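Counting with the working numbering, you get residues 32 to 260 for the letters of the sequence shown.
From the three backbone atoms N, C-alpha and C, an ideal C-beta is built for every residue, glycine too.
Here the structure is a predicted model, which is why all the values come from computation and not from measurement.
This report concerns only the one structure given below.
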Amino acid sequence: RAVDIHAVKRYSKIVANSKFLSRFLKRIYKLDFVPPVVYPGPDPMLEQLSSKDFVGEGDYMLAVGPLIPLKNVDGMIQAASKVPSARLVVVGEGQDRVSLEESADRLHVPLYLKGNSHSEEELAMLYSQCMLHIHLSLYEPFGLTPVEAGLFRKASIVTNRGGPPEIIVEGETGFIVNPRDYGMIAKRMKELLSNPQLRYEMGQKARKRVLENFTLERSAKQLLAEVEA
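Below you can see the structure in the form of structure tokens.
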């Protein structure tokens with residue numbers, strides 16, 4: 032670590048992708064300044080597709096990310112098991128696939144693992160037609176999927192560990208939860224799944240927040256300004 036600290040102090044510029052990561056870098060590398068923050072933006076193709084009219088709303092919650100312990104998909108299953116008729120679609124691959132399928136089967140949770148072999152348009156359709164987005168990582172420096180979901184006017188239930196609380200406005204564009212508090216997560220799932228008007232209102236606010244704060248164009252301009260400063 033001493034070598035890392037020495038090397039980092041020689042960098043001409045350090046930029047973090049969240050306030051959480053900025054504080055982390057300052058503490059770990061003993062910096063005498065707080066690194067500036069530039070939030071990353073979503074894939075421009077997804078941003079373009081978010082204006083397309085995909086027909087109808089489905090009956091599922093959506094998660095996007097690798098099937099590894101850190102992403103806590105099992106926590107989603109645990110919470111969903113407390114919500115009658117909850118269905119979970121996860122886009123991603125990883126080492127936990129079999130164990131997650133077994134967990135979902137044991138807890139009687141309809142789980143659909145989509146893998147990674149999808150086009151941008153297919154991913155856009157999944158975002159557009161989901162009832163809500165869920166992101167329960169145990170650690171996440173930023174977390175781009177709540178931004179992507181917001182583009183498609185979807186509320187998110189996100190982890191309170193890391194950067195996602197900087198994206199979601201509690202009670203307005205989604206809910207922020209302890210990723211291990213399955214009872215509270217289930218409560219938030221029920222609130223959104225049972226209330227179309229709440230989903231609509233939160234979704235509209237989520238898109239507005241993303242377009243005002245998290246576009247790729249905004250990110251590029253801010254990063255260029257930091258590099259040239």
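- Around the C-beta of Asn48, 16 or more other C-beta atoms lie within 10 Å, and the residue is accordingly described as buried.
- At a Cβ-Cβ threshold of 7 Å, Ser168 and Lys102 count as neighbours.
- According to the DSSP secondary-structure assignment, Val208 is paired through a beta bridge with Thr190.
- Taking a contact to require three or more Cβ pairs closer than 8 Å, the segment 231-251 and the segment 174-187 qualify as touching.
- Here Ile198 is not near Ala110, since their CB atoms are 7 Å or more apart.
- Look at Glu171 here: in three-state DSSP terms it is strand.
- Sorting Lys185, Gly181 and Arg54 by C-alpha distance to the C-alpha of Phe64 places Arg54 at the top.
- For Val86, there is no enclosing alpha helix (DSSP H), as DSSP marks it with neither H nor E.
- Per DSSP, Tyr143 lies in no alpha helix (DSSP H); the unbroken beta strand (DSSP E) holding it starts and ends at Leu142 to Leu144.
- Under the DSSP assignment, Leu255 falls in the alpha helix (DSSP H) whose first and last residues are Leu247 to Glu259.
- Across the set Glu257, Ala94 and Ala237, the C-alpha of Ala237 shows the shortest separation from the C-alpha of Val200.
- With the rule of 3 Cβ pairs closer than 8 Å, the segment 116-126 counts as touching the segment 137-153.
- Gly89 and Met162 do touch by the CB rule: their CB atoms are close to 7 Å apart, below 8 Å.
- Counting the other Cβ atoms within 10 Å of the Cβ of Leu52 gives 16 or more, which makes it buried.
- Residue pairing by DSSP places Leu163 opposite Met92 in a beta bridge.
- Distance between Val121 and His166, taken at the CA atoms: about 10 Å.
- Secondary structure note for Val121: its beta strand (DSSP E) is the uninterrupted segment Leu119 to Val122.
- For Tyr70, the number of other beta carbons within 10 angstroms of its own is at least 16, and it is reported as buried.
- It is roughly 44 Å from the alpha-carbon of Leu157 to the alpha-carbon of Arg41.
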